[in-house]
Amino acid sequence: MPELPEVETQVRDLQVVVGKKILAITSDTHKAWKPNFAASQQLLGKKILSITRRAKYLIFKLSGEMVLVAHFRMTGHFLLAKSAKPLERFIRHSFQLSNGVFLQFSDIRKFATLTVCTENAYQKVCKLVELGIEPLEKSFTLAALQQAFKNKKGMLKALLLNQTIVAGIGNIYADEICFNAKLHPASRVENLTQQDFKNLHKAIQQELRKGVKNRGTTIGEYVDTRGKHGKNQLSLRAYKQHGKLCGVCGKTMQKMKISQRTTSFCAHCQQKR
DNA sequence: CGATTCCCCTGATAGC
DNA sequence: TGCTATCAGGGGAATC
4 MPELPEVETQ VRDLQVVVGK KILAITSDTH KAWKPNFAAS QQLLGKKILS
54 ITRRAKYLIF KLSGEMVLVA HFRMTGHFLL AKSAKPLERF IRHSFQLSNG
104 VFLQFSDIRK FATLTVCTEN AYQKVCKLVE LGIEPLEKSF TLAALQQAFK
154 NKKGMLKALL LNQTIVAGIG NIYADEICFN AKLHPASRVE NLTQQDFKNL
204 HKAIQQELRK GVKNRGTTIG EYVDTRGKHG KNQLSLRAYK QHGKLCGVCG
254 KTMQKMKISQ RTTSFCAHCQ QKR
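Under this note's numbering, the letters of the first sequence match residues 4 to 276, in that order.
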């Protein structure tokens with residue numbers, strides 16, 4: 004599923020369409036459009052001024068003070084096509100651009116959203132203002148992480164998935180981060196030591212940077228804008244590894260549910276706090 | 001107000 | 001083989 008590294012990979016690839024105009028939009032899944040499909044028509048004739056990312060949100064700034072905010076949820080991704088012909092089976096939306104490129108949006112489970120907004124309202128409407136720290140920004144220091152976790156209680160993994168604390172981490176990278184930091188995902192955050200926070204801070208940066216470098220994790224359907232798989236799934240050490248042997252100690256990996264999410268970990272290497 | 005549960009949706013997989 | 005049941009999961013809404 005697209006998390007920070009996957010969305011970042013898409014954003015980087017999509018820079019080739021900055022400066023192009025949106026000439027037409029087709030969609031067979033009107034429900035994805037917020038506030039409604041009719042709003043999509045406001046984007047016609049608009050020029051793409053920039054494409055950026057905040058957490059797992061992809062933000063198109065357009066001329067006329069318009070903004071399109073895309074969220075991939077589970078299975079969404081953009082594809083750059085040279086014609087209107089769908090590159091994949093589950094293309095739900097297609098944007099015809101002024102350079103002849105068709106920006107296609109694939110989304111098997113129809114969970115993704117496309118929000119049409121104005122420049123001065125999008126941060127509030129899409130709840131970007133409620134998001135936590137960007138973990139790959141310079142502002143993500145050890146002190147900033149500790150400040151964000153201050154007065155928080157609960158299981159470590161549940162907090163890592165909470166977008167209002169640290170933004171952009173999903174189920175895959177949360178498991179990888181806990182494994183990297185040698186922390187049990189069910190550890191109570193109020194029990195973490197200074198050394199634990201150091202390890203956690205380092206693990207968050209290492210795992211997300213590795214994900215970006217590998218152009219994302221392909222489990223199921225995620226691909227980049229050219230339809231190519233990421234490489235990060237080839238070096239996962241925890242996510243979906245339950246039942247397999249731990250790469251560090253050789254013991255069998257366990258699984259449990261945390262925050263409604265399947266969580267894999269090594270009970271030997273990852274001690275509970 | 002915070003924490004938990006439900007829900008959206010459909011392909012893959014397991015079980016019979 | 002083919003059917004049904006279960007699972008996966010981000011985040012918003014409803015509920016506790």
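C-beta: ideal position from N, C-alpha, C; glycine also.
Residues near residue i by beta carbon distance below 7 Å, same chain, minus five either side
{"i": "residue 11", "result": "56, 215"}
{"i": "residue 232", "result": "221, 226"}
Exposure of residue i, with buried meaning 16 or more beta-carbon neighbours within 10 Å
{"i": "residue 294", "result": "Because the chain in this structure spans residues 4 to 276, residue 294 falls outside the shown range and cannot be described."}
{"i": "residue 5", "result": "buried"}
{"i": "residue 64", "result": "buried"}
{"i": "residue 269", "result": "buried"}
{"i": "residue 66", "result": "exposed"}
{"i": "residue 265", "result": "exposed"}
{"i": "residue 38", "result": "exposed"}
{"i": "residue 253", "result": "exposed"}
{"i": "residue 17", "result": "buried"}
{"i": "residue 103", "result": "exposed"}
{"i": "residue 218", "result": "buried"}
{"i": "residue 19", "result": "exposed"}
{"i": "residue 124", "result": "exposed"}
{"i": "residue 248", "result": "exposed"}
{"i": "residue 72", "result": "buried"}
{"i": "residue 197", "result": "exposed"}
{"i": "residue 127", "result": "exposed"}
Unbroken beta strand (DSSP E) run spanning residue i, endpoints
{"i": "residue 60", "result": "60 to 65"}
{"i": "residue 79", "result": "79 to 84"}
{"i": "residue 99", "result": "94 to 100"}
{"i": "residue 160", "result": "Here residue 160 belongs to no beta strand (DSSP E); instead the alpha helix (DSSP H) covers 159 to 164."}
{"i": "residue 119", "result": "116 to 121"}
{"i": "residue 277", "result": "Residue coverage of the chain in this structure runs from 4 to 276, which leaves residue 277 outside it and unanswerable."}
Inter-residue spacing [alpha-carbon to alpha-carbon] between residue i and residue j
{"i": "residue 29", "j": "residue 139", "result": "35 Å"}
{"i": "residue 86", "j": "residue 145", "result": "47 Å"}
{"i": "residue 237", "j": "residue 61", "result": "26 Å"}
{"i": "residue 76", "j": "residue 213", "result": "21 Å"}
{"i": "residue 239", "j": "residue 182", "result": "10 Å"}
{"i": "residue 143", "j": "residue 88", "result": "42 Å"}
{"i": "residue 83", "j": "residue 275", "result": "45 Å"}
{"i": "residue 241", "j": "residue 178", "result": "6 Å"}
{"i": "residue 148", "j": "residue 200", "result": "8 Å"}
{"i": "residue 79", "j": "residue 114", "result": "8 Å"}
{"i": "residue 207", "j": "residue 171", "result": "11 Å"}
{"i": "residue 40", "j": "residue 228", "result": "24 Å"}
Element boundaries [alpha helix (DSSP H), containing residue i]
{"i": "residue 181", "result": "174 to 183"}
{"i": "residue 15", "result": "7 to 17"}
{"i": "residue 204", "result": "197 to 216"}
{"i": "residue 73", "result": "Careful: residue 73 lies outside any alpha helix (DSSP H), inside the beta strand (DSSP E) at 69 to 74."}
{"i": "residue 128", "result": "125 to 128"}
{"i": "residue 148", "result": "145 to 152"}
Other residues of its chain near residue i: CB distance less than 8 Å, five sequence neighbours each side excluded
{"i": "residue 69", "result": "45, 46, 49, 119, 120, 121, 122"}
{"i": "residue 257", "result": "245, 267, 268, 269, 270"}
{"i": "residue 21", "result": "51, 52, 53, 54"}
Sequence-distant residues of its chain with Cβ nearer than 6 Å to residue i (five each side left out)
{"i": "residue 297", "result": "Beyond the ends of the chain as shown, which are 4 and 276, falls residue 297; an answer cannot be given."}
{"i": "residue 168", "result": "135, 151, 162"}
{"i": "residue 174", "result": "264"}
{"i": "residue 153", "result": "none"}
Under 8 Å, with one C-beta from each stretch per pair, do the segment 186 to 198 and the segment 146 to 159 reach the 3-pair mark? Output reads yes: the segment 146 to 159 touches the segment 186 to 198.
The segment 126 to 143 contacting the segment 47 to 55, beta-carbon criterion three pairs below 8 Å: Between the segment 126 to 143 and the segment 47 to 55 there are fewer than three inter-stretch CB-CB distances shorter than 8 Å, so the stretches are not counted as touching.
Answer yes if the segment 92 to 104 comes into contact with the segment 29 to 39, meaning at least three C-beta pairs across the two stretches below 8 Å, and no otherwise. As far as the Cβ criterion goes, the segment 29 to 39 touches the segment 92 to 104, which means the pair count is three or higher.
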